[in-house]
Ligand SMILES: Nc1ncnc2c1ncn2[C@@H]1O[C@H](COP(=O)(O)OP(=O)(O)OP(=O)(O)O)[C@@H](O)[C@H]1O
Ligand SMILES: Nc1ncnc2c1ncn2[C@@H]1O[C@H](COP(=O)(O)OP(=O)(O)O)[C@@H](O)[C@H]1O
Ligand SMILES: [Mg+2]
Ligand SMILES: [Mg+2]
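Protein chains in written order, with the UniProt record's numbering: chain A, 1 to 452; chain B, 1 to 437.
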């Protein structure tokens, strides 16, 4: 954009677009600095360094719940290592992922590709997996050296590799690592705390049993330990802040193109700071934190909030946060119920009465129909319709999976007698009834009357 | 030209109504070309709430590199991989290339590699839409979890959108899934629905006239069905009937009252016949539904079953829905007065009539038949000859062919049906049904 055009655009409008862009990048790009868990990070960094610099072999597992930053930690460690000269020249990283490399054949094929040894392998046929792997490692020995290049194996979603036949890949990798045939480091990432139990005995015995745990909210390793929630609040402020006069120097190079006016930034940051002191806001964030500690969800949430910014709406209000939170914590089933037709909603209510009277026993179409017809007959204002129309409404409810068939598909019963489990709660139904536009009063009364 | 949200709204607004907020929401997540897109989005809402319409129009407007997949058509992971690769590499299958795919591919690993190669010289952003994505659950177990984090796995500037009418909860698997951002398409309110249906007004009629019609139409149909696709179709069919008296000059087009009197009956009966007929794509189910309608009302009355055959059907019904151990009590000369059972049960026992028919033997049915007929006639041979016919008419069905003690049967008619049949022979079936005693 030329300077002239730039001037033509209203200063403030343009700032909002730049702000959106800047903040979204900050929130959604994980390559930004890894925070906390200093001890764990150093542990892994050290392990990899020993493999790369001293040719040691190692194996370890990094364990932590979903979205707590395991992958981010490894990536930040690899990024730091890649600036080391010895690493760049010597080491190789092989990235494997449980969701992608669904069997050992694929894993080995990709390992070969990532080591750029496809040509060396050619159409060679190997007797065993072990032979193939050691051939690959052998190939990495360069000229004069007797030692081969150090290789770092990263196995993301490690637990999925445990389901591969005979755990061949794991056995061989751990075996090489334990017997130090070649300098390799095998690093598994998983969210299953019981992952060790998944290993077969012969595999387990070759694993170093080095387990590194990553727990969200653990800030003990940072400069000033704070409570987990205070840390969340700090992250909130950090992620929503713009570069201003004070911190303009420390912004990463990746934000070079950021042309946010420092005065605007300072004002913006002032406002964000005031949000972190606003009691409504703080309580709201606290409640959110109590429901979900995962940093990934929190970042997704902030990304949604930022998305509500526009020229017409240039400031984040507390309400924007509340609205964005609805995307995560609203009850999807209630929303689905609200979109049903009156007839379908009546069937849902009939189902609820039926399950309540019969202590959660499964129900079928006939029972629901019977209950509905009774209700319709008692209320002259409810138009009655023929059975097949009701059947169709019932099938719609089934297709939405609001009820689950009981018994396997091979039990052959007529569809009106097929039994279903009904699992919606009273509260969900009551919420849907309350918000349903223009629902006949008889129906809402029927819904609240406990036994009909 | 820069694509701003306002321009987009204006452009899409020409054909999409009542969805401005959702368009804005989606646009702000993936529409700003210099901002990061979110990794994955889950869009859900009832059928015909405009999900596909909004997403497809928005993506067409944004001119990204887009692939839209219908997971019913692409029913295996292989088909999905190959379809995506075709679309994103802009490969067209035609007679020139002998209808070959861009790249054969049957696993996630190759898919990711090929995908990276296919788009390496294309700077456009990538969006992949999985419509009817509930089907993904039935394919390879790694498929859905991997697609949800496809950006992380490929390192491409890519967003996956999942579209479904089933809530996200139903997608959880035991290995855990990454949660996409959920966007809900609410069902249209009555006013919105009217506006949407109005878009499809036939050319030759005045606005007010059609709005009147739609109001009458919705007052009958909306209670049973809020599916915009079906309503649109039904509105069209019934409109022909609505304007018939106007065209022929019988009713003035401004005489709303007479028009209503004329159409209300038609609408109500069409709700029951036409609505069901068009509604399902599955023709087998469709015929079955029609059979059902006819069977409960007209068929039952017009069935020219012989007198004794009607009794036999009743006997079969009773055999199917009464517990065998109570036959004695019910049918052996009802001399002793019914004793009220004094068992106090907290929850009422379930009705046999609601649980579905149980199988019975011919002997038992014949015993009941003679008990309820109360005539000493030796009809067994003639009666047995009726059985194949009754099976063909689907009044009875055989269960299990090779029973040691002869074949067993089930009665396939409903309670309503049997009540009507009983009336025609002057029999009160309720008096003999265990459920009602
Ligand atoms: N300590 C941290 N420092 C910086 N960012 C973090 C940290 N913890 C989590 N995140 C952020 O949270 C998000 C999720 O992190 P990541 O993908 O590494 O999780 P994960 O543990 O690998 O989850 P999963 O088990 O689902 O793969 C990323 O966007 C990342 O930026
Ligand atoms: N808001 C709307 N504006 C215009 N037409 C609509 C609207 N909503 C639905 N329709 C009509 O209904 C049809 C079905 O919508 P569709 O997007 O296929 O629904 P879904 O994908 O949610 O099942 C559309 O093709 C369109 O003709
Ligand atoms: Mg991860
Ligand atoms: Mg659709």
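Note that the Cβ used here is the ideal one computed from N, Cα and C, for glycine as well. In this text, all values refer to a predicted model and were calculated from it rather than measured experimentally.
* **residue 104/B versus residue 110/B: straight-line alpha-carbon distance, rounded** => Spanning the alpha carbons of residue 104/B and residue 110/B requires a straight line of approximately 9 Å.
* Does ligand 4 have a heavy atom nearer than 7 Å to the CB of residue 408/B? -> No, Cβ of residue 408/B sits at least 7 Å from all heavy atoms of ligand 4.
* To do: Return no unless some Cβ of chain A is closer than 8 Å to the Cβ of residue 222/B.
  => Residue contact check for residue 222/B against chain A: a CB pair falls below 8 Å.
* Neighbour flag for residue 327/A against chain B, beta carbons, 8 Å -> For residue 327/A, the answer is yes, since a Cβ of chain B falls inside 8 Å of its Cβ.
* Give a single yes or no on whether residue 230/A has its beta carbon closer than 7 Å to a heavy atom of ligand 4. => Distances between the C-beta of residue 230/A and the heavy atoms of ligand 4 are all 7 Å or more.
* Nearest-angstrom beta carbon gap, residue 41/B and residue 67/B [assumed within contact, 8 Å] -> 15 Å between Cβ atoms; not a contact.
* Excluding five sequence neighbours on each side, which residues of the same chain lie with their C-beta closer than 6 Å to the C-beta of residue 140/A? -> Residues 148, 149 of the same chain have their beta carbon placed closer than 6 Å to that of residue 140/A, with the five preceding and five following residues left out of the count.
* Kindly list the residues whose CB is nearer than 6 Å to the CB of residue 171/A, restricted to its own chain and excluding five residues on each side of it in sequence; keep chain order. => Here the set comprises 203.
* Asked: Tell me which same chain residues have a C-beta within less than 8 Å of the C-beta of residue 4/B, skipping the five on either side of it?
  -> A distance below 8 Å between beta-carbons, with the five flanking residues on each side excluded, links residue 4/B to no residue of its chain.
* To do: Consider the Cβ of residue 146/B: report whether some Cβ of chain A lies at a distance smaller than 8 Å.
  => Yes, residue 146/B lies at the interface with chain A (some Cβ there is under 8 Å from its Cβ).
* Asked: Is it true that the CB of residue 49/B sits closer than 8 Å to the CB of residue 438/B?
  -> Any question about residue 438/B goes unanswered here, given that chain B covers just 1 to 437.
* If you count every other CB in all the chains shown that lies within 10 Å of the CB of residue 339/B, and 16 or more means buried, which is it? -> Annotation note: pLDDT 43 at residue 339/B (below 50); position unreliable, no value reported.
* Quick one: give me the first and last residue of the alpha helix (DSSP H) that residue 231/B is part of. => Unbroken alpha helix (DSSP H) run through residue 231/B: 228-247.
* Using the C-alpha atoms, what's the distance from residue 329/B back to residue 278/B? -> Because the pLDDT at residue 278/B is just 44, under 50, the model does not fix this residue reliably, and the value given afterwards should be weighed accordingly. Roughly 48 Å between the two C-alpha positions.
* **Nearest candidate by alpha-carbon position, reference residue 344/A, set 85/A, 372/A, 358/A, 328/A** => If we check each option's Cα against that of residue 344/A, 372/A comes out closest.
* How many angstroms separate the CA atom of residue 298/B from the CA atom of residue 424/A? -> Confidence in residue 298/B is poor, its pLDDT being 44 and thus under 50, which makes the residue's placement too unreliable to answer from.
* Asked: At a Cβ threshold of 8 Å, is residue 68/A touching chain B?
  -> No - not a single Cβ of chain B is within 8 Å of the one on residue 68/A.
* Strand pairing of residue 212/A, partner residues [DSSP] -> DSSP lists 62/A as partners of residue 212/A.
* Below 8 Å between beta carbons is the criterion; list the residues of the stretch 372-386 of chain A that meet it against any residue of chain B, in chain order. => Those residues of the stretch 372-386 of chain A placed with their C-beta closer than 8 Å to a C-beta in chain B are 383, 385, 386, ordered along the chain.
* Is it right to say residue 421/B is buried, meaning 16 or more other beta carbons lie within 10 angstroms of its own, or is it exposed? -> When all chains shown are included, residue 421/B counts as buried.
* Asked: Run through DSSP, which three-state label would residue 181/A get?
  -> In this structure, residue 181/A counts as coil in the three-state DSSP scheme.
* Under a CB-based cut-off of 8 Å, is residue 310/A close to chain B? -> It does; some Cβ of chain B falls within 8 Å.
* **Given 8 Å, three or more beta-carbon pairs between the stretch 78-88 of chain A and the stretch 96-113 of chain A** => Under the three-pair Cβ rule at 8 Å, the stretch 78-88 of chain A does not count as touching the stretch 96-113 of chain A.
* Asked: Given that a residue counts as buried once 16 or more other Cβ atoms are within 10 Å of its Cβ, and exposed if not, what is residue 120/B?
  -> Around the beta carbon of residue 120/B, fewer than 16 other beta carbons sit within 10 angstroms, so the residue counts as exposed.
* Could you name the residues of the same chain whose beta carbon sits closer than 7 Å to that of residue 91/B, not counting the 5 residues immediately before and after it, in chain order? => Counting only Cβ-Cβ distances below 7 Å, and skipping sequence neighbours, we find 102.
* Say whether the stretch 4-21 of chain B touches the stretch 377-392 of chain A, bearing in mind that this needs 3 or more beta-carbon pairs closer than 8 Å, one atom from each stretch. => The way I'd put it, the stretch 4-21 of chain B doesn't touch the stretch 377-392 of chain A; fewer than three beta-carbon pairs between them come closer than 8 Å.
* Is residue 76/B close to chain A, meaning its C-beta is less than 8 Å from at least one C-beta of that chain? -> Answer no: the Cβ-Cβ gap between residue 76/B and chain A never drops below 8 Å.
* To do: Would you please verify whether the beta carbon of residue 164/B is less than 8 Å from any beta carbon of chain A?
  => Chain A contact via Cβ: absent.
* Asked: With which residues is residue 405/A paired in a DSSP beta bridge?
  -> In DSSP, residue 405/A forms a bridge with 420/A.
* Give the single residue among 129/B, 331/B, 97/B, 114/B whose Cα lies nearest to the Cα of residue 58/B. => Ranked by Cα distance from residue 58/B, the first of 129/B, 331/B, 97/B, 114/B is 129/B.
* Is the CB of residue 179/A under 8 Å away from at least one CB in chain B? -> It does not: the Cβ of residue 179/A has no partner Cβ on chain B nearer than 8 Å.
* Asked: Of the choices 366/B, 389/B, 114/B, 387/B, whose alpha-carbon is the least far from that of residue 378/B?
  -> Ranking the options by Cα distance to residue 378/B, first place goes to 366/B.
* Asked: Apart from the five residues just before and just after residue 354/A, which ones in its own chain have a Cβ nearer than 7 Å to its Cβ?
  -> A distance below 7 Å between beta-carbons, with the five flanking residues on each side excluded, links residue 354/A to the following residues of its chain, in chain order: 363, 367, 368, 371.
* Contacts of residue 189/B in chain C (Cβ-Cβ under 8 Å) -> Chain labels in this structure do not include chain C; the protein chains are A and B.
* Contacts of residue 29/A in chain B (Cβ-Cβ under 8 Å) -> Per Cβ cutoff of 8 Å: 36.
* How would you write the range of the beta strand (DSSP E) that residue 339/A sits in, first residue to last? -> Note, residue 339/A: premise wrong, no beta strand (DSSP E); not H, not E.
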